[in-house]
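**Student:**
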Amino acid sequence: MKDIKQILEKLKIASLNAMQKQTAKALLNTDKDIVVLSATGSGKTFAYMLPLVQLLDEKSDEVQAVIIVPGRELALQSHEVFKSLGCGLRSMPLYGGRATMDEHRQIRNILPQVIFVTPGRLNDHLAKGNVSSDHIKYLVIDEFDKCLQMGFFKEMKDAVDNMPFIKRRILLSATQAEQIPSFVHLSNAQCINCLKEEPIPNKISLYKVDSPQKDKLDTLVKLLCSFGDASTIVFLNYRDSVERVSSYLADKGFTVSSFHGGLDQRQRESAIYRFSNGSANVLVSTDLASRGLDIPDVDNIIHYHLPVGEEEFVHRVGRTGRWNASGRAFILLGPTEHLPEYIKHTPEVYTIPDDLSQPALPKMVTLYIGKGKKEKISKGDIVGFLCKTGGITNDKIGKIDVNERYTYVAVNRDCWQKVIKNTRGQKLKGIKTIVELVSAEQ
2 MKDIKQILEK
12 LKIASLNAMQ
22 KQTAKALLNT
32 DKDIVVLSAT
42 GSGKTFAYML
52 PLVQLLDEKS
62 DEVQAVIIVP
72 GRELALQSHE
82 VFKSLGCGLR
92 SMPLYGGRAT
102 MDEHRQIRNI
112 LPQVIFVTPG
122 RLNDHLAKGN
132 VSSDHIKYLV
142 IDEFDKCLQM
152 GFFKEMKDAV
162 DNMPFIKRRI
172 LLSATQAEQI
182 PSFVHLSNAQ
192 CINCLKEEPI
202 PNKISLYKVD
212 SPQKDKLDTL
222 VKLLCSFGDA
232 STIVFLNYRD
242 SVERVSSYLA
252 DKGFTVSSFH
262 GGLDQRQRES
272 AIYRFSNGSA
282 NVLVSTDLAS
292 RGLDIPDVDN
302 IIHYHLPVGE
312 EEFVHRVGRT
322 GRWNASGRAF
332 ILLGPTEHLP
342 EYIKHTPEVY
352 TIPDDLSQPA
362 LPKMVTLYIG
372 KGKKEKISKG
382 DIVGFLCKTG
392 GITNDKIGKI
402 DVNERYTYVA
412 VNRDCWQKVI
422 KNTRGQKLKG
432 IKTIVELVSA
442 EQ
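Set out below in structure tokens:
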């Protein structure tokens with residue numbers, strides 16, 4: 002198993018921040034439960050993962066660590082982050098919305114040592130014996146405050162009661178905790194509180210944009226045009242507002258992903274995938290996207306609707322300026338709207354330039370390839386196929402997501418037609434396959 006230094010070198014991370022160092026030291030050098038309170042985007046995922054992999058036995062085929070998450074998106078993204086460590090351990094995301102039996106078959110095939118799982122699905126697998134609790138020693142609850150807000154206390158307590166051999170509990174939150182779950186041993190817990198009184202880090206610049214009309218759509222269009230092709234999340238408070246704004250922006254020529262709780266699982270995953278791989282540069286969303294997602298390199302946040310409270314404001318803004326990056330947050334105000342009292346510092350007024358370009362197209366597009374894990378296709382196979390058969394270079398290829406029966410891959414917008422032409426009727430690992438542009442990208 003690689004040590005932390007080797008993993009950081011592989012990920013091109015120069016060093017850990019203070020919170021991550023404190024968490025690693027506590028996990029590796031004490032036997033205490035740990036509560037980590039640190040701002041959104043500060044790297045809490047790596048803070049627990051990096052030391053955790055040092056404590057697990059890669060030779061064992063048993064589940065040894067359980068990470069409870071509030072939703073499927075965080076389960077999927079945390080699983081991808083874990084895989085990127087290249088630490089020799091296997092992981093799996095488990096969540097509702099698909100058949101438990103399908104997951105059980107995958108568990109028997111993959112034999113994960115780490116699972117990222119929603120509370121109800123965890124209890125389901127424990128009750129059916131699909132996941133054995135006999136070797137589970139480590140429990141992580143990511144965004145435990147959100148888990149509590151969503152009413153998962155009983156499910157989490159039941160899960161803990163059904164995992165009797167847990168030695169360590171690690172809880173993580175981006176906001177000051179109003180309560181710590183009673184199943185954490187507070188008498189033997191270490192709290193790593195890196196939250197500051199200032200809700201917005203210095204690396205994030207805050208701006209105010211005034212809209213002359215109550216309906217702020219035209220001002221939003223101009224604001225987005227002033228960003229060029231930069232990645233931007235537009236936050237609204239209601240699902241129907243997300244649909245309305247998304248449709249309006251698409252009609253104006255923007256490449257948009259929309260995201261809210263009314264979409265089915267496949268639609269939500271597709272929306273986030275297109276935005277995170279750079280083939281949509283605007284994500285229009287409810288506060289569902291303000292937490293539980295780890296999307297790197299978000300340049301701008303726009304509050305189209307004012308957040309309902311300070312906590313929502315903090316989580317929205319935390320989508321940008323992650324790790325060592327800088328970011329910008331914009332508050333779009335109508336003629337009768339005023340800044341909320343919890344915004345302590347007066348934002349700088351942002352003046353939209355008069356000379357604006359047309360909506361910029363994103364740098365990437367998403368291609369569908371009709372083969373996946375079922376045909377034993379790997380990311381390396383996809384890269385080789387696109388380079389050798391598709392006729393493009395490695396630097397034109399972005400994020401690759403190999404699913405069970407198909408693959409999504411992002412490629413530079415200037416070469417997708419060449420790829421489709423060169424791969425038409427060709428074979429991938431000896432199997433004739435289909436390569437198509439995902440229709441929403443056109």
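For the sequence shown, the numbering used here assigns the number 2 to the initial residue and increments by one for each residue that follows.
Ideal Cβ placement from N, Cα and C applies to all residues, glycine included.
As the structure is a prediction and not an experimental result, all values here were calculated from the model.
1. Might you give, ordered along the chain, the residues of its own chain that have their beta carbon closer than 7 Å to the beta carbon of Pro354, omitting 5 neighbours on each side?
2. Let me know the secondary structure DSSP gives Gln191 once reduced to three states.
3. Could I get the ranges of all uninterrupted alpha helix (DSSP H) runs contained in the region 321-409, with 4 residues as the minimum, in chain order?
4. Using a Cβ-Cβ cutoff of less than 8 Å, which residues in the same chain neighbour Val384 once the five nearest sequence positions on both sides are dropped?
5. So Tyr305 packs on Leu221, CB below 8 Å; how close in whole Å?
6. Taking just the CA atoms, how far does Arg170 sit from Tyr239?
7. By the three-class DSSP mapping on this structure, what secondary structure does Lys253 have?
8. Quick check: what's the CA-CA separation for Asp219 versus Ile273?
9. Would you decide whether Asn189 is buried or exposed? Buried here means 16 or more other CB atoms lie within 10 Å of its CB.
10. Let's see if you can read the secondary structure: which residues bound the beta strand (DSSP E) around Arg169?
11. Can Ser247 and Val299 be called in contact, C-beta distance under 7 Å?
12. Tell me whether Glu104 sits in a helix, a strand or coil according to DSSP, three-state version.
13. What residue ranges within the region 68-148 form continuous beta strand (DSSP E) runs of no fewer than 3 residues, ordered along the chain?
14. Which stretch, first to last residue, makes up the alpha helix (DSSP H) that contains Val54?
15. Could you tell me the distance, in whole angstroms, from the CA atom of Lys253 to the CA atom of Val420?
16. Assign Asp211 to one of three DSSP states: helix, strand, or coil.
17. Less than 8 Å between the CB atoms is what I'm expecting for Tyr49 and Arg73, so what's the real figure, rounded?
18. To which residues does DSSP link Val436 through a beta bridge?
19. Applying the 10 Å Cβ sphere with the 16-neighbour rule, what's the burial state of Pro165?
20. Can you find at least 3 beta carbon pairs, one from the region 82-89 and one from the region 149-163, that sit closer than 8 Å?
21. Once DSSP output is grouped into helix, strand and coil, what is the label at Val37?
22. Is it the case that the Cβ atoms of Phe331 and Ile296 are separated by a distance below 7 Å?
23. Does the region 127-141 come close enough to the region 58-77 to have 3 or more Cβ pairs within less than 8 Å?
24. What's the C-alpha gap between Gln55 and Ile5?
25. Rounded to the nearest angstrom, what separates Ile435 and His80 at their Cα positions?
26. Enumerate in chain order the residues of its own chain whose CB-to-CB distance from Leu127 is below 8 Å, with the five nearest sequence positions on each side excluded.
27. Quick test of your reading: Pro336 and Lys422, contact by CB under 8 Å. State the CB separation rounded to the nearest angstrom.
28. Does DSSP classify Val64 as helix, strand or coil?
29. Considering only residues of the same chain and omitting the five flanking positions on each side of Val439, which have a CB-CB separation below 6 Å?
30. One question on the structure: do Ala27 and Ile35 come within less than 7 Å of each other, judged by their Cβ atoms?
31. Using only alpha-carbon positions, find the residue among Lys22, Thr41, Phe47 that is nearest to Ile8.
32. What residue range is occupied by the uninterrupted beta strand (DSSP E) comprising Val285?
33. Within 10 angstroms of the Cβ of Pro213, are there 16 or more other Cβ atoms? Answer buried if so, exposed if not.
34. Can you find the residues in the same chain that come closer than 6 Å, C-beta to C-beta, to Ser258, ignoring five residues on each side of it along the sequence?
35. Could you give the distance in angstroms between the alpha-carbon of Asn18 and the alpha-carbon of Asp125?
**Tutor:** Well, looking at it:
1. Ser227
2. strand
3. 380-385
4. Excluding sequence neighbours, Val384 sits near Asn395, Ile398, Ile401.
5. 6 Å
6. 36 Å
7. Judged by DSSP in its simplified three-state form, Lys253 adopts coil rather than helix or strand.
8. 25 Å
9. exposed
10. 169-174
11. no
12. helix
13. 92-95, 115-118, 139-143
14. 45-56
15. 28 Å
16. Of the three classes helix, strand and coil, the one that applies to Asp211 here is strand, per DSSP.
17. With a Cβ gap of about 20 Å, Tyr49 and Arg73 do not count as contacting.
18. The partner list for Val436 (beta bridge, DSSP) reads Ile370.
19. exposed
20. No: the two stretches stay apart, fewer than three of their Cβ pairs being nearer than 8 Å.
21. In the structure shown, Val37 sits in a strand (DSSP, three-state: E or B).
22. no
23. yes
24. 8 Å
25. 28 Å
26. Ser134, Ala160, Asn163, Met164
27. In fact, because the Cβ distance is near 52 Å, the residues do not count as touching under 8 Å.
28. coil
29. Thr367, Tyr369
30. yes
31. Phe47
32. 283-286
33. exposed
34. Ala272, Arg275, Phe276, Ala281, Leu284
35. 37 Å
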